[in-house]
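In the working numbering, the protein residues as written are -13 to 446.
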(Lines of atoms letter the chains of each structure in order from A and count residues from 1; the text may use other names and numbers.)
(Lines give C-alpha, C1' and ligand atoms only; values in the text may rest on other atoms or scores of the structure.)
Protein backbone atom coordinates (compact mmCIF):
# COMPACT_ATOMS: atom_id res chain seq x y z
CA UNK A 1 0.00 0.00 0.00
CA UNK A 2 1.51 3.41 -1.02
CA UNK A 3 1.70 6.44 1.30
CA UNK A 4 -1.34 8.24 -0.22
CA UNK A 5 -3.52 5.15 0.00
CA UNK A 6 -2.37 4.51 3.56
CA UNK A 7 -3.17 8.10 4.54
CA UNK A 8 -6.64 7.86 3.00
CA UNK A 9 -7.28 4.53 4.72
CA UNK A 10 -6.20 5.98 8.10
CA UNK A 11 -8.49 8.99 7.63
CA UNK A 12 -11.43 6.71 6.86
CA UNK A 13 -10.71 4.68 10.02
CA UNK A 14 -10.67 7.86 12.17
CA UNK A 15 -13.95 9.08 10.64
CA UNK A 16 -15.53 5.66 11.28
CA UNK A 17 -14.40 5.61 14.92
CA UNK A 18 -15.66 9.15 15.52
CA UNK A 19 -19.02 8.23 14.03
CA UNK A 20 -19.23 5.17 16.31
CA UNK A 21 -18.37 7.23 19.39
CA UNK A 22 -20.92 9.87 18.42
CA UNK A 23 -23.61 7.22 18.03
CA UNK A 24 -22.72 5.75 21.40
CA UNK A 25 -23.01 9.13 23.11
CA UNK A 26 -26.41 9.78 21.55
CA UNK A 27 -27.77 6.71 23.34
CA UNK A 28 -27.11 8.27 26.73
CA UNK A 29 -29.61 10.23 28.75
CA UNK A 30 -29.43 12.45 31.78
CA UNK A 31 -26.74 15.13 31.76
CA UNK A 32 -26.55 17.59 34.67
CA UNK A 33 -24.33 20.57 35.48
CA UNK A 34 -24.23 21.47 39.16
CA UNK A 35 -23.74 24.96 40.56
CA UNK A 36 -20.11 24.06 41.21
CA UNK A 37 -19.67 23.43 37.45
CA UNK A 38 -19.07 19.76 38.16
CA UNK A 39 -20.64 17.78 35.33
CA UNK A 40 -22.16 14.39 36.04
CA UNK A 41 -23.14 12.17 33.13
CA UNK A 42 -25.26 9.10 33.63
CA UNK A 43 -26.10 6.98 30.61
CA UNK A 44 -28.95 4.55 30.24
CA UNK A 45 -27.95 1.12 29.07
CA UNK A 46 -28.32 0.82 25.28
CA UNK A 47 -30.16 -2.46 25.71
CA UNK A 48 -31.99 -3.43 28.85
CA UNK A 49 -31.92 -7.07 29.87
CA UNK A 50 -33.77 -9.04 32.55
CA UNK A 51 -32.03 -11.42 34.95
CA UNK A 52 -33.78 -14.58 36.13
CA UNK A 53 -33.97 -14.25 39.94
CA UNK A 54 -36.63 -16.94 40.45
CA UNK A 55 -34.63 -19.37 42.56
CA UNK A 56 -33.35 -16.65 44.90
CA UNK A 57 -36.61 -14.80 45.49
CA UNK A 58 -39.09 -17.68 45.53
CA UNK A 59 -36.77 -19.57 47.87
CA UNK A 60 -36.46 -16.56 50.18
CA UNK A 61 -40.23 -16.03 50.16
CA UNK A 62 -40.75 -19.65 51.23
CA UNK A 63 -38.27 -19.25 54.11
CA UNK A 64 -39.99 -16.10 55.34
CA UNK A 65 -43.43 -17.72 55.17
CA UNK A 66 -42.19 -20.76 57.09
CA UNK A 67 -40.63 -18.52 59.74
CA UNK A 68 -43.79 -16.43 59.92
CA UNK A 69 -45.98 -19.45 60.56
CA UNK A 70 -43.56 -20.97 63.05
CA UNK A 71 -42.99 -17.81 65.11
CA UNK A 72 -46.55 -16.50 65.17
CA UNK A 73 -48.10 -14.52 62.35
CA UNK A 74 -48.93 -11.06 63.66
CA UNK A 75 -50.36 -9.96 60.32
CA UNK A 76 -53.66 -11.29 58.97
CA UNK A 77 -52.16 -12.93 55.91
CA UNK A 78 -55.54 -13.61 54.32
CA UNK A 79 -56.37 -9.88 54.41
CA UNK A 80 -52.86 -9.00 53.20
CA UNK A 81 -53.14 -11.41 50.27
CA UNK A 82 -56.74 -10.93 49.16
CA UNK A 83 -56.44 -7.14 49.32
CA UNK A 84 -54.42 -7.26 46.07
CA UNK A 85 -55.11 -10.60 44.37
CA UNK A 86 -58.46 -11.82 45.70
CA UNK A 87 -60.51 -10.85 42.66
CA UNK A 88 -58.08 -12.44 40.20
CA UNK A 89 -57.85 -15.95 41.64
CA UNK A 90 -59.25 -17.71 38.57
CA UNK A 91 -56.97 -15.79 36.21
CA UNK A 92 -53.97 -16.61 38.40
CA UNK A 93 -54.71 -20.29 38.91
CA UNK A 94 -55.60 -20.91 35.27
CA UNK A 95 -52.36 -19.33 33.99
CA UNK A 96 -49.61 -21.54 32.62
CA UNK A 97 -47.04 -19.34 34.35
CA UNK A 98 -47.11 -16.29 36.63
CA UNK A 99 -44.20 -14.08 35.65
CA UNK A 100 -43.09 -11.05 37.67
CA UNK A 101 -40.99 -8.49 35.79
CA UNK A 102 -39.32 -5.80 37.90
CA UNK A 103 -38.71 -2.79 35.68
CA UNK A 104 -40.18 -0.14 33.42
CA UNK A 105 -43.10 -1.25 31.28
CA UNK A 106 -41.48 -0.31 27.95
CA UNK A 107 -38.39 -2.34 28.89
CA UNK A 108 -40.56 -5.29 29.91
CA UNK A 109 -42.59 -5.24 26.69
CA UNK A 110 -39.40 -5.13 24.64
CA UNK A 111 -38.22 -8.30 26.40
CA UNK A 112 -41.45 -10.33 26.40
CA UNK A 113 -41.34 -13.65 24.55
CA UNK A 114 -42.24 -13.25 20.89
CA UNK A 115 -44.75 -16.12 20.96
CA UNK A 116 -47.37 -14.11 22.84
CA UNK A 117 -50.31 -13.37 20.56
CA UNK A 118 -51.56 -10.55 22.78
CA UNK A 119 -50.82 -8.86 26.11
CA UNK A 120 -53.97 -7.33 27.63
CA UNK A 121 -54.21 -5.43 30.97
CA UNK A 122 -56.57 -6.97 33.53
CA UNK A 123 -57.47 -3.58 34.99
CA UNK A 124 -58.52 -0.44 33.16
CA UNK A 125 -56.25 2.59 33.67
CA UNK A 126 -53.86 0.75 35.96
CA UNK A 127 -51.98 3.05 38.35
CA UNK A 128 -48.40 3.22 36.96
CA UNK A 129 -46.89 3.10 40.44
CA UNK A 130 -48.68 -0.12 41.41
CA UNK A 131 -47.91 -3.60 40.20
CA UNK A 132 -49.85 -4.03 36.95
CA UNK A 133 -51.45 -7.28 35.81
CA UNK A 134 -51.63 -8.51 32.20
CA UNK A 135 -52.97 -11.64 30.53
CA UNK A 136 -50.51 -12.80 27.87
CA UNK A 137 -52.12 -15.21 25.41
CA UNK A 138 -49.73 -17.68 23.76
CA UNK A 139 -51.96 -20.52 22.49
CA UNK A 140 -55.68 -21.26 22.16
CA UNK A 141 -57.21 -21.17 25.67
CA UNK A 142 -53.76 -20.73 27.28
CA UNK A 143 -52.25 -17.68 28.89
CA UNK A 144 -49.52 -16.48 31.24
CA UNK A 145 -50.15 -13.89 33.91
CA UNK A 146 -47.62 -11.07 33.54
CA UNK A 147 -47.03 -8.84 36.56
CA UNK A 148 -45.06 -5.65 35.96
CA UNK A 149 -43.79 -4.05 39.16
CA UNK A 150 -41.08 -1.74 40.41
CA UNK A 151 -37.48 -2.81 39.97
CA UNK A 152 -36.87 -3.51 43.63
CA UNK A 153 -36.05 -6.79 45.34
CA UNK A 154 -38.58 -6.17 48.10
CA UNK A 155 -41.40 -5.40 45.64
CA UNK A 156 -40.84 -8.74 43.93
CA UNK A 157 -40.57 -10.54 47.27
CA UNK A 158 -43.82 -9.04 48.57
CA UNK A 159 -45.63 -10.06 45.38
CA UNK A 160 -44.34 -13.64 45.49
CA UNK A 161 -45.26 -14.01 49.17
CA UNK A 162 -48.82 -12.91 48.44
CA UNK A 163 -49.11 -15.32 45.52
CA UNK A 164 -47.85 -18.28 47.57
CA UNK A 165 -50.28 -17.44 50.36
CA UNK A 166 -53.11 -17.11 47.82
CA UNK A 167 -52.61 -20.71 46.72
CA UNK A 168 -52.99 -21.78 50.34
CA UNK A 169 -56.22 -19.84 50.88
CA UNK A 170 -58.30 -21.35 48.08
CA UNK A 171 -61.89 -22.32 48.79
CA UNK A 172 -62.98 -25.98 48.33
CA UNK A 173 -64.49 -25.34 44.90
CA UNK A 174 -61.30 -23.80 43.48
CA UNK A 175 -59.22 -26.42 45.24
CA UNK A 176 -61.06 -29.09 43.25
CA UNK A 177 -61.06 -27.10 40.00
CA UNK A 178 -57.32 -26.27 40.07
CA UNK A 179 -56.07 -29.28 42.02
CA UNK A 180 -53.19 -30.14 39.65
CA UNK A 181 -52.14 -26.50 39.26
CA UNK A 182 -52.17 -25.84 42.99
CA UNK A 183 -50.07 -28.93 43.61
CA UNK A 184 -47.24 -27.46 41.51
CA UNK A 185 -48.11 -23.79 41.91
CA UNK A 186 -44.68 -22.62 43.11
CA UNK A 187 -43.09 -24.11 39.99
CA UNK A 188 -45.19 -21.78 37.84
CA UNK A 189 -43.73 -18.65 39.50
CA UNK A 190 -40.99 -16.77 37.66
CA UNK A 191 -39.13 -13.58 38.61
CA UNK A 192 -37.07 -11.41 36.25
CA UNK A 193 -35.39 -8.16 37.29
CA UNK A 194 -34.28 -5.34 34.99
CA UNK A 195 -30.65 -4.40 34.43
CA UNK A 196 -31.77 -0.75 34.61
CA UNK A 197 -31.34 0.06 38.30
CA UNK A 198 -33.80 2.14 40.28
CA UNK A 199 -31.04 4.73 40.70
CA UNK A 200 -30.75 5.02 36.92
CA UNK A 201 -34.53 5.26 36.56
CA UNK A 202 -34.57 8.21 38.94
CA UNK A 203 -31.65 9.97 37.27
CA UNK A 204 -33.35 9.59 33.88
CA UNK A 205 -36.57 10.95 35.40
CA UNK A 206 -34.81 14.02 36.77
CA UNK A 207 -33.07 14.61 33.44
CA UNK A 208 -36.34 14.35 31.53
CA UNK A 209 -38.02 16.98 33.71
CA UNK A 210 -35.07 19.30 34.28
CA UNK A 211 -34.80 18.67 38.02
CA UNK A 212 -31.30 19.34 39.36
CA UNK A 213 -29.46 20.66 42.40
CA UNK A 214 -32.41 20.93 44.81
CA UNK A 215 -31.76 22.88 48.00
CA UNK A 216 -34.28 20.82 49.98
CA UNK A 217 -35.81 17.38 49.36
CA UNK A 218 -38.91 16.43 51.34
CA UNK A 219 -40.08 12.81 51.16
CA UNK A 220 -43.53 11.68 52.22
CA UNK A 221 -46.96 13.29 52.79
CA UNK A 222 -46.31 15.83 50.07
CA UNK A 223 -49.91 17.09 50.12
CA UNK A 224 -49.40 18.42 53.65
CA UNK A 225 -46.17 20.18 52.70
CA UNK A 226 -47.64 21.60 49.52
CA UNK A 227 -50.61 23.14 51.37
CA UNK A 228 -48.31 24.72 53.98
CA UNK A 229 -46.16 26.29 51.25
CA UNK A 230 -49.24 27.49 49.39
CA UNK A 231 -50.52 29.18 52.56
CA UNK A 232 -47.18 30.99 52.69
CA UNK A 233 -47.93 32.46 49.25
CA UNK A 234 -45.50 30.21 47.37
CA UNK A 235 -46.70 29.49 43.84
CA UNK A 236 -47.92 26.04 42.90
CA UNK A 237 -45.17 23.59 41.91
CA UNK A 238 -44.63 21.75 38.67
CA UNK A 239 -46.07 18.23 38.91
CA UNK A 240 -44.28 15.26 37.34
CA UNK A 241 -45.39 11.65 37.59
CA UNK A 242 -44.71 8.33 35.90
CA UNK A 243 -44.00 4.76 36.93
CA UNK A 244 -40.64 5.73 38.46
CA UNK A 245 -41.60 8.71 40.63
CA UNK A 246 -44.29 11.20 41.57
CA UNK A 247 -42.85 14.61 42.51
CA UNK A 248 -43.68 18.28 43.03
CA UNK A 249 -40.89 20.66 41.92
CA UNK A 250 -40.70 24.19 43.30
CA UNK A 251 -38.17 26.17 41.30
CA UNK A 252 -38.51 29.13 43.64
CA UNK A 253 -39.85 28.60 47.16
CA UNK A 254 -38.71 31.72 48.97
CA UNK A 255 -35.53 31.67 46.93
CA UNK A 256 -34.91 27.92 47.22
CA UNK A 257 -35.42 24.94 44.94
CA UNK A 258 -37.55 22.38 46.76
CA UNK A 259 -38.38 18.84 45.63
CA UNK A 260 -41.31 16.96 47.19
CA UNK A 261 -41.31 13.18 46.63
CA UNK A 262 -44.30 10.90 47.16
CA UNK A 263 -43.86 7.50 48.83
CA UNK A 264 -47.19 6.18 47.52
CA UNK A 265 -47.67 3.03 45.45
CA UNK A 266 -44.25 1.38 45.79
CA UNK A 267 -42.34 3.92 43.74
CA UNK A 268 -39.66 4.21 46.45
CA UNK A 269 -40.52 1.11 48.43
CA UNK A 270 -37.77 -0.26 50.73
CA UNK A 271 -34.32 -0.27 49.07
CA UNK A 272 -35.62 1.88 46.18
CA UNK A 273 -35.72 4.74 48.70
CA UNK A 274 -31.97 4.39 49.20
CA UNK A 275 -31.37 4.46 45.46
CA UNK A 276 -33.50 7.60 45.28
CA UNK A 277 -31.15 9.29 47.75
CA UNK A 278 -28.16 8.14 45.69
CA UNK A 279 -29.73 9.64 42.56
CA UNK A 280 -30.53 12.92 44.33
CA UNK A 281 -26.96 13.20 45.62
CA UNK A 282 -25.70 12.47 42.09
CA UNK A 283 -27.63 15.40 40.60
CA UNK A 284 -26.62 17.71 43.44
CA UNK A 285 -22.89 17.81 42.83
CA UNK A 286 -20.82 19.08 45.75
CA UNK A 287 -23.79 20.82 47.41
CA UNK A 288 -26.09 18.13 48.82
CA UNK A 289 -29.63 19.19 49.72
CA UNK A 290 -31.21 19.15 53.13
CA UNK A 291 -33.30 15.96 53.33
CA UNK A 292 -36.60 15.66 55.19
CA UNK A 293 -38.20 12.22 55.55
CA UNK A 294 -41.66 11.79 57.07
CA UNK A 295 -42.53 8.12 56.77
CA UNK A 296 -44.95 5.77 58.49
CA UNK A 297 -44.10 2.82 60.67
CA UNK A 298 -45.30 0.40 63.31
CA UNK A 299 -44.68 0.56 67.02
CA UNK A 300 -43.06 -2.47 68.62
CA UNK A 301 -45.03 -3.47 71.70
CA UNK A 302 -46.03 0.12 72.43
CA UNK A 303 -49.60 0.97 71.30
CA UNK A 304 -49.46 4.23 73.28
CA UNK A 305 -47.41 5.93 70.54
CA UNK A 306 -49.75 5.01 67.68
CA UNK A 307 -50.90 8.24 66.04
CA UNK A 308 -47.83 10.17 67.17
CA UNK A 309 -44.66 11.22 65.33
CA UNK A 310 -41.34 9.99 66.74
CA UNK A 311 -37.77 10.99 65.82
CA UNK A 312 -35.35 8.06 65.36
CA UNK A 313 -31.73 8.52 66.38
CA UNK A 314 -30.49 5.18 65.05
CA UNK A 315 -31.73 2.54 62.61
CA UNK A 316 -30.70 -1.07 62.19
CA UNK A 317 -31.25 -3.83 59.70
CA UNK A 318 -34.09 -5.78 61.29
CA UNK A 319 -34.32 -8.58 58.72
CA UNK A 320 -34.40 -12.17 60.06
CA UNK A 321 -31.37 -13.39 58.07
CA UNK A 322 -28.86 -10.51 58.41
CA UNK A 323 -25.97 -12.82 59.25
CA UNK A 324 -26.31 -14.48 55.85
CA UNK A 325 -26.83 -11.27 53.93
CA UNK A 326 -24.61 -8.80 55.77
CA UNK A 327 -22.44 -10.77 58.23
CA UNK A 328 -24.04 -9.09 61.19
CA UNK A 329 -26.70 -6.54 61.97
CA UNK A 330 -25.84 -3.18 60.42
CA UNK A 331 -26.63 -0.04 62.42
CA UNK A 332 -26.66 3.58 61.22
CA UNK A 333 -26.62 6.53 63.59
CA UNK A 334 -28.90 9.40 62.55
CA UNK A 335 -27.81 12.99 63.13
CA UNK A 336 -31.48 13.81 63.22
CA UNK A 337 -32.10 17.56 63.34
CA UNK A 338 -35.79 16.91 63.98
CA UNK A 339 -35.04 15.79 67.55
CA UNK A 340 -34.86 19.48 68.47
CA UNK A 341 -38.65 19.52 68.16
CA UNK A 342 -38.84 17.73 71.53
CA UNK A 343 -40.59 14.61 70.27
CA UNK A 344 -40.09 11.02 71.42
CA UNK A 345 -36.68 9.67 70.41
CA UNK A 346 -36.58 6.06 69.23
CA UNK A 347 -34.29 3.29 68.15
CA UNK A 348 -35.67 2.07 64.82
CA UNK A 349 -35.51 -1.02 62.61
CA UNK A 350 -36.22 -1.56 58.91
CA UNK A 351 -37.32 -4.87 57.40
CA UNK A 352 -37.75 -6.09 53.83
CA UNK A 353 -41.30 -7.39 54.30
CA UNK A 354 -44.04 -7.16 56.91
CA UNK A 355 -44.18 -10.95 57.31
CA UNK A 356 -40.88 -10.59 59.16
CA UNK A 357 -42.77 -8.99 62.06
CA UNK A 358 -43.72 -12.11 64.04
CA UNK A 359 -44.45 -12.30 67.76
CA UNK A 360 -40.98 -13.73 68.43
CA UNK A 361 -39.35 -11.05 66.28
CA UNK A 362 -41.21 -8.35 68.21
CA UNK A 363 -39.98 -9.89 71.48
CA UNK A 364 -36.37 -9.78 70.30
CA UNK A 365 -36.70 -6.17 69.18
CA UNK A 366 -38.24 -5.20 72.51
CA UNK A 367 -35.34 -6.82 74.39
CA UNK A 368 -32.94 -4.79 72.24
CA UNK A 369 -34.95 -1.64 73.03
CA UNK A 370 -35.96 -1.07 69.42
CA UNK A 371 -39.32 0.66 69.45
CA UNK A 372 -40.42 1.30 65.82
CA UNK A 373 -40.16 -0.47 62.45
CA UNK A 374 -40.58 0.46 58.77
CA UNK A 375 -39.15 -0.57 55.39
CA UNK A 376 -37.34 2.54 54.11
CA UNK A 377 -35.31 4.39 56.73
CA UNK A 378 -32.38 1.96 56.91
CA UNK A 379 -31.80 2.29 53.15
CA UNK A 380 -32.08 6.09 53.26
CA UNK A 381 -29.49 6.35 56.02
CA UNK A 382 -27.23 3.83 54.35
CA UNK A 383 -27.20 6.03 51.23
CA UNK A 384 -26.61 9.21 53.27
CA UNK A 385 -23.81 7.66 55.33
CA UNK A 386 -22.09 6.18 52.28
CA UNK A 387 -21.31 9.70 51.06
CA UNK A 388 -17.71 10.82 51.64
CA UNK A 389 -18.72 14.11 53.24
CA UNK A 390 -21.60 12.80 55.35
CA UNK A 391 -21.47 15.80 57.67
CA UNK A 392 -22.65 18.04 54.84
CA UNK A 393 -26.00 16.23 54.50
CA UNK A 394 -28.46 17.67 56.98
CA UNK A 395 -31.34 15.29 57.62
CA UNK A 396 -34.66 15.64 59.43
CA UNK A 397 -36.48 12.37 60.12
CA UNK A 398 -39.95 11.92 61.55
CA UNK A 399 -41.89 8.66 61.69
CA UNK A 400 -45.68 8.62 61.96
CA UNK A 401 -46.61 5.53 64.00
CA UNK A 402 -49.71 3.93 62.44
CA UNK A 403 -49.95 0.43 63.95
CA UNK A 404 -48.54 -1.84 66.62
CA UNK A 405 -46.53 -5.07 66.38
CA UNK A 406 -47.02 -7.11 69.51
CA UNK A 407 -45.13 -10.07 70.96
CA UNK A 408 -48.44 -11.42 72.22
CA UNK A 409 -50.70 -13.52 70.02
CA UNK A 410 -53.68 -12.11 71.97
CA UNK A 411 -52.85 -8.48 71.23
CA UNK A 412 -55.49 -5.91 70.31
CA UNK A 413 -56.05 -6.29 66.55
CA UNK A 414 -57.69 -2.87 66.21
CA UNK A 415 -54.29 -1.19 65.84
CA UNK A 416 -52.63 -3.53 63.35
CA UNK A 417 -51.44 -2.85 59.80
CA UNK A 418 -54.94 -3.49 58.45
CA UNK A 419 -56.14 -0.34 60.18
CA UNK A 420 -53.08 1.81 59.45
CA UNK A 421 -54.86 3.88 56.79
CA UNK A 422 -57.48 4.88 59.37
CA UNK A 423 -54.70 6.05 61.69
CA UNK A 424 -53.16 8.12 58.89
CA UNK A 425 -56.51 9.76 58.15
CA UNK A 426 -56.79 10.91 61.76
CA UNK A 427 -53.33 12.51 61.98
CA UNK A 428 -53.51 15.39 59.50
CA UNK A 429 -53.04 18.08 62.16
CA UNK A 430 -50.17 16.14 63.77
CA UNK A 431 -48.34 15.82 60.46
CA UNK A 432 -48.86 19.47 59.54
CA UNK A 433 -47.60 20.61 62.94
CA UNK A 434 -44.43 18.55 62.49
CA UNK A 435 -43.84 19.70 58.92
CA UNK A 436 -44.55 23.33 59.81
CA UNK A 437 -41.81 23.24 62.45
CA UNK A 438 -39.34 21.71 59.96
CA UNK A 439 -40.24 24.16 57.17
CA UNK A 440 -39.82 27.04 59.61
CA UNK A 441 -36.40 25.73 60.66
CA UNK A 442 -35.47 25.54 56.96
CA UNK A 443 -36.71 29.14 56.54
CA UNK A 444 -39.26 28.09 53.94
CA UNK A 445 -41.96 29.37 56.31
CA UNK A 446 -41.78 32.46 58.47
CA UNK A 447 -41.58 32.12 62.25
CA UNK A 448 -44.84 32.88 64.06
CA UNK A 449 -43.27 35.78 65.93
CA UNK A 450 -42.42 37.46 62.61
CA UNK A 451 -45.93 37.17 61.14
CA UNK A 452 -48.43 39.96 61.00
CA UNK A 453 -51.63 39.75 63.10
CA UNK A 454 -53.59 39.31 59.84
CA UNK A 455 -51.45 36.30 58.83
CA UNK A 456 -51.89 34.68 62.23
CA UNK A 457 -55.65 35.26 62.12
CA UNK A 458 -56.09 33.32 58.87
CA UNK A 459 -53.78 30.48 59.95
CA UNK A 460 -50.63 31.29 57.98
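From the three backbone atoms N, C-alpha and C, an ideal C-beta is built for every residue, glycine too.
Check                                                                                                                                                               : Outcome
When the Cα of residue 176 is compared with those of 192, 341 and 132, which residue comes out closest?                                                             : 132
Could you tell me if residue 73 is buried or exposed, where buried requires 16 or more neighbouring beta carbons within 10 angstroms of its beta carbon?            : exposed
So, helix, strand or coil for residue 432, using DSSP?                                                                                                              : coil
Which word fits residue 161, buried or exposed, when buried means at least 16 other C-beta atoms lie within 10 angstroms of its C-beta?                             : exposed
Would you identify the three-state DSSP class for residue 184, choosing helix, strand or coil?                                                                      : helix
So does the region 93 to 108 actually touch the region 51 to 58, counting three or more Cβ pairs closer than 8 Å?                                                   : no
Hey, could you find the ends of the alpha helix (DSSP H) residue 158 is sitting in?                                                                                 : 158 to 163
What ranges does the beta strand (DSSP E) occupy inside the region 337 to 417, keeping only unbroken runs of at least 3 residues that lie completely in it?         : 358 to 360 and 381 to 391
Could you give the distance in angstroms between the alpha-carbon of residue 20 and the alpha-carbon of residue 186?                                                : Note that residue 20 has pLDDT 32, beneath the 50 cutoff, so the model's placement of it is unreliable and no number is given.
Among 335, 280, 178 and 69, which one has its Cα closest to the Cα of residue 211?                                                                                  : 280
Please report how far the alpha carbon of residue 184 lies from the alpha carbon of residue 247, in whole angstroms.                                                : 15 Å
Taking residue 135 as part of the alpha helix (DSSP H), name the residues at either end of that continuous run.                                                     : Run containing residue 135: none in the alpha helix (DSSP H); it sits in the beta strand (DSSP E), 128 to 135.
Taking only runs of the alpha helix (DSSP H) that begin and end inside the region 31 to 82, which ones reach a length of at least 4 residues, in chain order?       : 40 to 57, 63 to 71 and 75 to 79
Apart from the five residues just before and just after residue 47, which ones in its own chain have a Cβ nearer than 7 Å to its Cβ?                                : 143, 146, 147 and 150
Straight-line CA distance for residue 236 to residue 163?                                                                                                           : 55 Å
From the DSSP output, read off the bridge partner residues of residue 256.                                                                                          : None, per the DSSP bridge assignment.
Can you tell me where the beta strand (DSSP E) with residue 153 in it begins and where it stops?                                                                    : Note, residue 153: premise wrong, no beta strand (DSSP E); alpha helix (DSSP H) at 139 to 154.
My output table needs one value for residue 243: the three-state DSSP class, helix, strand or coil.                                                                 : strand
Taking one C-beta from the region 315 to 323 and one from the region 377 to 390 each time, how about it: are there three or more such pairs within less than 8 Å?   : yes
For residue 24, which three-state DSSP category applies?                                                                                                            : Its pLDDT being 32, under 50, residue 24 is placed unreliably by the model, and nothing is read from it.
What first and last residue would you give for the beta strand (DSSP E) that runs through residue 123?                                                              : 118 to 125
Going along the chain, which unbroken runs of the alpha helix (DSSP H) with 4 or more residues stay wholly within the region 175 to 230?                            : 184 to 195 and 208 to 217
Among 369, 304, 364 and 396, whose alpha-carbon lies nearest the alpha-carbon of residue 352?                                                                       : 304
Residue 251 and residue 91 look like a contact to me (Cβ under 8 Å); what is the Cβ gap, rounded to whole Å?                                                        : Residue 251 to residue 91, Cβ: 14 Å. No contact.
Leaving out the 5 sequence neighbours to the left and right, which residues in its chain are closer than 6 Å to residue 65 when beta-carbon positions are compared? : 404
Around the Cβ of residue 193, are there at least 16 other Cβ atoms within 10 angstroms (buried) or fewer (exposed)?                                                 : buried
Tell me which residues share the same chain as residue 168 and place their Cβ nearer than 6 Å to its Cβ, disregarding the 5 neighbours each side in the sequence.   : 153
Under 7 Å Cβ to Cβ from residue 463, same chain only, skipping five residues before and after it: list those, please.                                               : Any answer about residue 463 is impossible in this case: the structure gives the chain only from -13 up to 446.
For the candidate residues 364, 289, 327 and 346, whose alpha-carbon lies nearest to that of residue 301?                                                           : 364
Run the CB neighbour count on residue 232, radius 10 Å, all protein chains shown included, and call it buried at 16 or more, exposed below.                         : buried
Taking C-beta to C-beta, are residue 286 and residue 358 nearer than 8 Å?                                                                                           : yes
If you count every other CB in all the chains shown that lies within 10 Å of the CB of residue 43, and 16 or more means buried, which is it?                        : buried
May I have the straight-line CA-CA distance separating residue 77 from residue 63, to the nearest angstrom?                                                         : 20 Å
When we look at the beta-carbon of residue 298 and count the other beta-carbons within 10 Å, is it buried (16 or more) or exposed?                                  : buried
Based on the DSSP output, what are the partners of residue 297 in its beta bridges?                                                                                 : 331
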